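S.K.: Below you'll find the structure I mean.
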Amino acid sequence: MLKLLFAYFIFPGLIFSATVGLLAGWLERKISARLQWRLGPPWYQNFVDIVKLLGKETILPEASSKVFVLAPLLSVLSLSLVATILGVNLFGLSQGFSGDLIVLVYLLTIPALAAIIGASSSRNPLASVGASREIKLLLAYELPFILAIVAVVIRSGGVIHLSQIISYQKFNHSHIFSASGISLSGLLALVVGLLVGMAKLGMGPFDVSEAEQEIMGGVMVEYSGLPLALFKLSKAMLMYIVPVFLISLFLAKDTTVVFLLGKLLFILIVFILVKNTNPRLRIDQIIRFFWGPVTLLAVLAVGLAILGW
Amino acid sequence: MDLKTKALTKSIWVFHISAGSCNNCDIEILDCLTPRFDLERFGIQLVGSVRHADALLITGAMNRKSVPRLKKLYEQAPKPCFVIAVGQCALSMHMFRDSYNTVGPLDKILPVDLYIPGCPPKPEAIIDGLVKLVAAVRGK
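Residue numbers (numbering that gives the first Met the number 0), protein chains in the order written: chain A, 0 to 308; chain B, 0 to 139.
Take a look at the structure:
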């Protein structure tokens, strides 16, 4: 029991993933700043932001219900569960349980749902615009995301057990490679996974639900103090969880600390470069993009995986 | 100095209110975020919602239409929250002091923490003012 609590709250759960995630968030700000020829904030900036928000006054909208405060808590708690399941599998602390991949797919949608619920309960018109965009975004990216995961499941022999997928890659090769060079289906599924990951993080061209310039923070518009800090924390944890999830699905050949860190940095830098070179898309463009070309790529990946490419 | 104050002075999120200015001060404020001056290295960010704000940056001569909205925005901001008056208009109404429409300088309406004079103030002056504000808050 104590071991479980330690795994959930400290390593590799809440505190570990939040720390790495806040550092990843700093990396995003720093690299963006350097790309714009600026200096950028110091490495502890995101920690300071969280501490500051904890010390601020929390304002509850008059018409809001308890859900307004519970939604960010739900987001953080479900993400620490995701971080725990991913971490124990990847660091080899435990074998996990059968079907944990499906549980992870469900748990990864909860931050978006929490943002939708919290924004709707604040009864702010701008927040409801943000919530409606978040719903559309969720509908847009879930289909190619699940197809990309299906491609991985087929390639590793039909297992839906995360530790078996990882050990398959350890004994054979990462899913983006095959016995002879690069595997087409794995590569296509990884591209789909990266695009969906960016949409899940709400960054880059897919940040419509929090567009600061047009809807003033969107789903976050009424949040202040502690609940806002929790939402920022869950966003930071997602910055760690999404790359690690992609690593354990596609690039889990070598899971020593150095290689993990290198792969994490690689995926984060790809995200940040795409973010800084692409302007924000409209929500209808995003849906057309995800249901059109991206889903086509994902279907192609599944087909090629069935053929054994 | 406690942790709360230290964190507050290291990460000031600014909400920008133009209460009837000629847009000159606003342009200089945006200049502070450009590569040459880069206020983000001090953790200062512009935010879209007043609920996220730690400082209200107010420009322009207050007029009868903007004052009620200004008071409302100040009440909506979570405390502790600084009020920064930027430009000669917000400080003393400047050349609009005899206008039929202006109400009064900003410190007659809200408690002002920092005055930055100039028409418009240079980005250097704004950064200097912010440094003085941080020093004053930490010295408290």
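Heads up, the beta-carbon is just placed ideally off N, CA and C, and yes, glycines get one too. As the structure is a prediction and not an experimental result, all values here were calculated from the model.
Between Gly217/A, Asp48/A, Leu73/A, which has its C-alpha nearest serine 127/A's C-alpha?
M.R.: Per the Cα distances, Gly217/A.
S.K.: Compare the Cα-Cα distances from valine 298/A to each of Thr254/A, Ile286/A, Leu183/A, Val243/A and report the closest residue.
M.R.: Here the closest residue by C-alpha is Leu183/A.
S.K.: Which residues bound the alpha helix (DSSP H) around leucine 55/B?
M.R.: Looking at the DSSP string, leucine 55/B is not in any alpha helix (DSSP H); the run it does join, the beta strand (DSSP E), is 54-58.
S.K.: Can you tell me whether asparagine 277/A is buried or exposed, with buried defined as 16 or more other CB within 10 angstroms of its CB?
M.R.: Exposed is the call here.
S.K.: Give me the DSSP bridge partner(s) of threonine 101/B.
M.R.: According to DSSP, threonine 101/B bridges with Asn62/B.
S.K.: At a Cβ cut of 7 Å, what residues of the stretch 33-45 of chain B count as close to chain A, listed as they run along the chain?
M.R.: Cβ contacts with chain A come from Pro34, Asp37, Glu39, Arg40, Gly42.
S.K.: For chain B, is any of its Cβ atoms less than 8 Å away from the one on isoleucine 58/A?
M.R.: It does: the Cβ of isoleucine 58/A has a partner Cβ on chain B nearer than 8 Å.
S.K.: For the beta strand (DSSP E) that contains serine 17/B, what are its first and last residues?
M.R.: Note, serine 17/B: beta strand (DSSP E), 12-17.
S.K.: Enumerate in chain order the residues of its own chain whose CB-to-CB distance from serine 63/A is below 8 Å, with the five nearest sequence positions on each side excluded.
M.R.: Only Ser120, Ser121, Arg122, Glu221 meet the Cβ criterion.
S.K.: Report the rounded CA-to-CA distance for phenylalanine 5/A versus threonine 83/A, giving the unit in angstroms.
M.R.: Approximately 10 Å between the Cα atoms of the pair.
S.K.: Where leucine 113/B and glycine 128/B are concerned, what is the direct C-alpha to C-alpha distance, given to the nearest angstrom?
M.R.: Roughly 7 Å separates the two Cα atoms.
S.K.: Are any of the Cβ atoms in chain D nearer than 8 Å to that of leucine 34/A?
M.R.: Looking at the structure shown, chain D is missing, and the protein chains on hand are A and B.
S.K.: Would DSSP call phenylalanine 8/A helix, strand or coil?
M.R.: Of the three classes helix, strand and coil, the one that applies to phenylalanine 8/A here is helix, per DSSP.
S.K.: In three-state terms, what does DSSP make of phenylalanine 176/A?
M.R.: Correct three-state label for phenylalanine 176/A: strand.
S.K.: Given this structure, state the Cα-to-Cα distance separating threonine 57/A from leucine 109/B, to the nearest angstrom.
M.R.: About 21 Å.
S.K.: Take the Cβ of aspartate 97/B as the centre, count every other Cβ of all protein chains shown within 10 Å, and call the residue buried at 16 or more, exposed below.
M.R.: Aspartate 97/B is exposed by the Cβ-count criterion.
S.K.: Since leucine 227/A meets chain B, which of its residues come closer than 7 Å, beta carbon to beta carbon?
M.R.: Near leucine 227/A (Cβ distances below 7 Å), the residues of chain B are His51.
S.K.: Please look up how many angstroms separate the CB atoms of arginine 37/A and aspartate 37/B, rounded, as I've assumed it's under 8 Å.
M.R.: About 4 Å; that satisfies the 8 Å criterion.
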